[in-house]
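**Q** One structure coming up, written as structure tokens, with questions to follow.
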Amino acid sequence: MSPKITVETVATQLVAGLDFATTTATLPADMAAAIDDLRARTADAHLATTGPIIAVYAEEMRPNLPWACEVCVPVAEAFVEHPTLRSHELPGGVVATATHAGSYTDLKATYSAIFDWFAEHGHTYAGAPREIYLNSPADVAEDQLLTRIEFPVVLASF
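Heads up, the sequence shown is in my numbering, so the first residue is 3 and it goes up one at a time.
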């Protein structure tokens, strides 16, 4: 069953972010390590988190080369200095979104549906895609994982 794709306006969010590099082959392990690191560093810094962890894919995924990613979490207050975390705003705006239910290894099918939707409707990507992890493998079975995918979008006008 294809995921339902909707267009929504999301608010700008203040986040604590952690940058890391990854490759197609190492993405699952790198992402898990970055999320663990983000959790530990935000806890050590006594930052009050206000929402789920988000992955931002700022660069295009290249099969045999590394690319830059960020994991971040909404926080209650901006902070000035930290050796590895950066305080910034994740831009709001109009996004195309779908919620993937199930294993992270099956996310590709939801992405494919979103790409097909963009092509079918003539819309344009307008920024880095995001994955919002609505729950965690530590809390639910793999088949119950929920991941919201957001693509900033410029809607086609006909």
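Glycine included, every Cβ here is placed at the ideal spot set by N, Cα and C.
Owing to the predicted nature of the structure, the values given are computational and were not obtained by experimental measurement.
Which stretch, first to last residue, makes up the alpha helix (DSSP H) that contains residue 30?
**A** Start and end: 29-46.
**Q** Use the C-beta contact count for residue 117: other C-beta atoms within 10 angstroms, 16 or more gives buried, fewer gives exposed.
**A** So residue 117 counts as exposed.
**Q** Which stretch, first to last residue, makes up the alpha helix (DSSP H) that contains residue 115?
**A** First-last of the alpha helix (DSSP H) with residue 115: 109-123.
**Q** The beta strand (DSSP E) with residue 162 in it runs from where to where?
**A** Only positions 3 to 160 of the chain appear in the structure, and residue 162 is not among them; the question remains open.
**Q** By how many angstroms is the C-alpha of residue 153 removed from the C-alpha of residue 132?
**A** In a straight line, the C-alpha of residue 132 is about 7 Å away from that of residue 153.
**Q** Please confirm whether any heavy atom of the ligand COA lies closer than 7 Å to the CB of residue 29.
**A** You won't find the ligand COA in this model; it holds no ligand whatsoever.
**Q** Determine which residues share a DSSP beta bridge with residue 11 and list them.
**A** Answer is 96.
**Q** What would DSSP say about residue 145, mapped onto helix, strand or coil?
**A** Reduced to three states, the DSSP call for residue 145 is helix.
**Q** Counting beta carbon pairs with one atom in the stretch 59-71 and one in the stretch 92-103, are three or more of them shorter than 8 Å?
**A** Counting Cβ pairs under 8 Å, fewer than three are found: no touch.
**Q** Going by other Cβ atoms of all chains shown within 10 Å of its Cβ, with 16 needed for buried, is residue 82 buried or exposed?
**A** Answer is exposed; the Cβ neighbour count stays below 16.
**Q** Considering Cα atoms alone, identify which of 151, 129, 142 and 137 is closest to residue 115.
**A** Checking every option, the nearest Cα to that of residue 115 belongs to 151.
**Q** Find out if the Cβ-Cβ distance for the pair residue 57, residue 73 is shorter than 8 Å.
**A** Yes, Cβ-Cβ distance for residue 57 and residue 73 is below 8 Å.
**Q** Where do the ends of the beta strand (DSSP E) carrying residue 73 lie?
**A** First-last of the beta strand (DSSP E) with residue 73: 69-76.
**Q** Does the beta-carbon of residue 67 have 16 or more other beta-carbons within 10 angstroms, so that it is buried, or is it exposed?
**A** By the 10 Å Cβ count, residue 67 comes out exposed.
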